[in-house]
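A.B. asks:
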Amino acid sequence: MTKTTFRLCAALIVAASANVAFAADVPAVFDAKSCKADYPKASLMNEEQGVVTMAFLVSAEGKVLEAKLDKTSGFKSLDKAAMSAISACKFKPGSKDGRPDSTWTKVEYNWTLS
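Under mature numbering (1 follows the signal peptide of the UniProt record, and there is no 0), residues -23 to -1, 1 to 91 are what the sequence shown spells out, in order.
Laid out in structure tokens, this is it:
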């Protein structure tokens, strides 16, 4: 292999790996400390606890476009309260190919009595 061919191959490998790293989707995120759900009163009285897993389609502007329940906490009132509260939160938008874009992200919300 000549030096020129070797340099060309090395340049192509570097360029290809840069594109692969850059092309990855980055999901949207939200600040869990500033976005909290109110514990449903009936759930408090019944001492219900659990983890809700949800999926959100977040726009390039950080607004929730669609929400889905992935895994229930075991209690409909907790699931509904988490879905409603997190859907109203402002997210940091995700990106595709390095630009803000609509992306799906998963969120777990833990309901605990302390």
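Backbone N, C-alpha and C define an ideal beta-carbon position, used for all residues, glycine too.
Computed from a predicted structure; not experimentally measured.
Check whether the Cβ atoms of Ala5 and Phe68 lie closer than 8 Å to each other.
C.D. replies: Contact flag set, yes.
A.B. asks: So, helix, strand or coil for Ser54, using DSSP?
C.D. replies: If DSSP states are grouped into helix, strand and coil, Ser54 belongs with the helices.
A.B. asks: With three or more C-beta pairs closer than 8 Å as the rule, is the segment 67 to 83 touching the segment 37 to 47?
C.D. replies: Yes, the segment 37 to 47 is in contact with the segment 67 to 83.
A.B. asks: So, Leu55 versus Trp88, is the Cβ gap smaller than 8 Å?
C.D. replies: Cβ distance < 8 Å, so Leu55 and Trp88 count as in contact.
A.B. asks: Hey, residue 146 and Met22: beta-carbon distance below 8 Å or not?
C.D. replies: Lying before the first or after the last residue shown, residue 146 is absent from the chain, which here runs from -23 to 91.
A.B. asks: In three-state terms, what does DSSP make of Ser72?
C.D. replies: If DSSP states are grouped into helix, strand and coil, Ser72 belongs with the strands.
A.B. asks: To which residues of the same chain is Pro17 closer than 7 Å at the C-beta, ignoring the five residues directly before and after it?
C.D. replies: The residues are Ser54, Leu55, Ala58.
A.B. asks: For the alpha helix (DSSP H) containing residue 103, list its first residue and its last residue.
C.D. replies: Because the chain in this structure spans residues -23 to 91, residue 103 falls outside the shown range and cannot be described.
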